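In order, the protein sequences belong to chains A and B. Residues in the first sequence are numbered from 1 upward in steps of one, following the UniProt record's numbering. Residues in the second sequence are numbered from 1 upward in steps of one, following the UniProt record's numbering. Where a beta carbon is used, it is the ideal one built from N, C-alpha and C, also for glycine. Here the structure is a predicted model, which means the values were calculated and not measured.
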Amino acid sequence: MNILELKKKAVALRKRTWQLIYNHQNGHTGSDLSCADILVALYYAVMNQNAENIGQKDVDTYIQSKGHAVEIWYEILADKGYIDRVDLEKRYSTFNSPYIGHPTTEVKGMEFHTGSLGHGLGLGVGVALAAKMKQSRKHIYVLMGDGEQAEGSIWEAAMAAGNYNLDNLTAIIDHNDLQISGTTDSVMRSNPLSTKYRAFNWEVLEVNGNNMGDVVNVLTKPNDTNKPRLIIANTVKGKGISAAENRADWHHKIPTATEYQAGLQELDAQMEALNNE
Amino acid sequence: MNKLDEKLTANAVIAKTLDEATTSDPDLIVVTCDSRGSAGLVPFTNAHPDRTIEMGIAEQNAVTVAAGMAHEGKHPYVFSPASFLAMRAIEQVKVDVAFNHNNVKLIGISGGNSYTWLGNTHHSLNDVAITRAIPDLEVYQPCDKYQIKALFNYLLKSDKPAYVRIGKRKLDNVYHEDFHFTPSKAKVILPGKDVCLISTGETLYFALQAAKELAKDGIQAAVVDLASIKPLDTKMIAALAQKFNYLVTIEEHDVINGIGAAVACEVAQYGHAKLKILGFPDEPAIQGTQDEVFHYYGLDTAGIKKSVKSFLSK
């Protein structure tokens, strides 16, 4: 897919996510929209992984440490044929459904249960270490939140990744500067993340995480540093829906009927603009 | 393996068993938390540097990384003092190991009170309580070298996550070389009719000695080994609770939610037996050598005998 097609895909999937959350009155809206471009880049342009080859030796692994941004991931897995979209949209957050508010391995494409924050990077370290032992060519991508950086286990994992020179590991921080109670700087200042990770022997790159071209470029840049790589993806929480943008209370707010309709119109307008490019 | 009369620590038996298993299991690895010395793993890690993952003093990450490696088909054995593995890293055990069904074996070394003078920060007197409350996590507490060897032969073939608690003592023999371990089965190691002593791990030997002492006074005490704490042999415990008027559990663990509580649950539902739970009281443990502390809390041979006689006279 070229960058324009990826941008359209991101808008289309934001729309489906918006619909899924509204129809079932459940979801982490702001978090989903924030990382939508990163997930689209990974699944449609970067990762060597699809519904058929997932789990095989040299196939890339994606671990979503910020498990709560699960609705956009469901919609991508449905769009890519890992799971059935009709089934997802019918059963999301219903009784005895595999499609709940955090990732579970009951859902094809999700290799780990996550949701408790601060676990994904350590899992990624384990997968990366095992991949090196097995001489696997797979690459491991871990998506974290910025609020999540307050978890101590992340820094244990960051130290281990740096110690073992895990250049087959790329961690991405969805750096939207907001968490459930307010700005990350007001809740627990984790900035500056770049100097912290560099001090842990990581290569650190920064990018506009809502600019598809930049995201694809940075994720496909070869790593010749012999270090794990961190991408600080500067994003906007709630990106794409103006009412939700940069608002902490949209962490898991559900749109009202009016907000929902306005959001749909906004997303349709974005798609129309892309169609005219 | 070793001479029948040779006393070994659990560590030594485990290290040797895993070393032998490297020939048949190319995916076996050990994950250590600056603990290779205290786990008795130096010969193993020197012989197999390619199978050793050192995670430093970071138990939470060690468990999570092991889960990630298990996901990729490795068979990790994580060694750390029981206190830190089962308590500090319990959320990682719950989520990354048990909930994710990753084949990680967690080996809690220096368990119970075996760190003696190092104090309550290092004692693990709540690890059974917390690990047995985790769904899909097996929990074992073996008592002697033959049982450890047999247990590990089972673990090496099993793809289920498990927690094993061992101590530091040079172990007396309870079983013989031909011992075969069956998970989920309790084992009657001495028949009796007046009272049934149920124990696990290092206190089982003292329970057995106490039963022999009680026999001299005309009390026929049965002894049951509960090495398989989870899965629990609920069927046998229910049968014991119906057959005996008196059950006594003995464990190197807080009296809250250890094997005593596990047995109590079955007794209350299915039996008529009166139950006495012997263990560490719900307070910070007194400090001393293991023998001194066991004596203080009545968990040695004399203390168990005294408690049983007092219990039966009521």
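When the beta-carbon positions are compared, Ala-69 (chain A) and Val-215 (chain A) stay at least 7 Å from each other. According to the DSSP assignment, Ile-14 (chain B) belongs to the alpha helix (DSSP H) that extends over 10-21. Here Gln-49 (chain A) carries a coil assignment [DSSP, helix/strand/coil]. Contacts with chain A at 7 Å (Cβ-Cβ) include Asp-96 (chain B). Between Ser-31 (chain A) and Val-142 (chain A), the C-beta spacing is not below 7 Å.
For Ala-133 (chain B), no CB of chain A lies under 7 Å from its own CB, so it is not counted at the interface with that chain. The three-state reading of DSSP puts Gly-279 (chain B) in strand, counting E and B together. Cβ contact annotation for Phe-294 (chain B) (same chain, cutoff 6 Å, sequence separation greater than five): Asp-300, in chain order. The stretch 191-202 of chain B and the stretch 303-312 of chain B touch, with no fewer than 3 CB-CB distances between them shorter than 8 Å. Residues of chain A whose Cβ lies closer than 7 Å to the Cβ of Met-69 (chain B) are, in chain order, Gly-126, Leu-129 and Ala-130. Judged by their CB atoms, Tyr-163 (chain B) and Leu-125 (chain B) are not nearer to each other than the 7 Å cut-off. Listed along the chain, the chain A residues whose CB falls inside 7 Å of the CB of Glu-91 (chain B) are Ser-116. In this structure, Lys-274 (chain B) keeps its C-beta atom at 7 Å or more from the C-beta atom of Tyr-297 (chain B). Nearest C-alpha to Thr-116 (chain B) among B:Phe-244, B:Arg-51, B:Ala-302 and B:Thr-289: B:Thr-289.
According to the DSSP assignment, Val-308 (chain B) belongs to no beta strand (DSSP E) but to the alpha helix (DSSP H) extending over 301-312.
As the crow flies, the alpha-carbon of Tyr-99 (chain A) is around 13 Å from that of Tyr-82 (chain A). Closest in alpha carbon position to Ala-150 (chain B), among B:Val-128, B:Thr-52, B:Ile-130 and B:Tyr-175, is B:Tyr-175. Apart from the 5 residues on each side of it in sequence, Glu-259 (chain A) sits with its Cβ closer than 6 Å to the Cβ of Ala-243 in its chain, given in chain order. A residue is called buried once 16 or more other Cβ atoms fall within 10 Å of its Cβ, and Gln-220 (chain B), having fewer, is exposed. A distance below 7 Å separates the beta carbons of Ile-237 (chain B) and Glu-266 (chain B). Among the residues of chain B, none has a CB under 9 Å from the CB of Ala-69 (chain A); the nearest is roughly 18 Å distant.
Minimum Cα-Cα distance from Phe-200 (chain A) among the listed residues A:Asp-174, A:Asn-223 and A:Ala-158 corresponds to A:Ala-158. Listed in chain order, the non-local C-beta contacts of Leu-274 (chain A) below 8 Å within the same chain comprise Leu-4, Lys-7, Lys-8 and Val-11, local neighbours out to five positions each way being set aside. Taking the C-beta atoms as reference points, Tyr-140 (chain B) is found no nearer than 7 Å to Phe-179 (chain B). Apart from sequence neighbours up to five positions away, the residues of its chain that approach Glu-106 (chain A) with a beta-carbon distance below 8 Å are Pro-98, ordered along the chain.
For Ile-140 (chain A) and Asn-208 (chain A), the gap between their C-alpha atoms comes out near 21 Å. At least one CB of chain B lies nearer than 7 Å to the CB of Ala-157 (chain A). A direct Cα-Cα distance of roughly 7 Å separates Glu-202 (chain B) from Gly-167 (chain B). Per DSSP, the unbroken beta strand (DSSP E) holding Gln-64 (chain A) starts and ends at 61-64.
Secondary structure at Pro-135 (chain B): coil, using DSSP grouped into helix, strand and coil. In this structure, the straight-line span from the alpha carbon of Pro-135 (chain B) to that of Gln-265 (chain A) is close to 46 Å. Identification of chain B residues near Leu-123 (chain A) by a Cβ-Cβ cut-off of 8 Å yields Thr-64, Val-65, Ala-67, Gly-68, His-71 and Asp-96, ordered along the chain. Any Cβ of chain B closer than 7 Å to the Cβ of Phe-112 (chain A) would place that residue at the interface, and such an atom is present. With a beta-carbon spacing of about 14 Å, Ile-14 (chain B) and Phe-181 (chain B) fall beyond the 8 Å limit used to define contacts. For Asn-208 (chain A), the uninterrupted beta strand (DSSP E) run begins and ends at 203-208, by DSSP. Distance from the Cα of Arg-169 (chain B) is smallest, within the candidate group B:Ser-158, B:Val-104 and B:Ser-38, for B:Ser-38.
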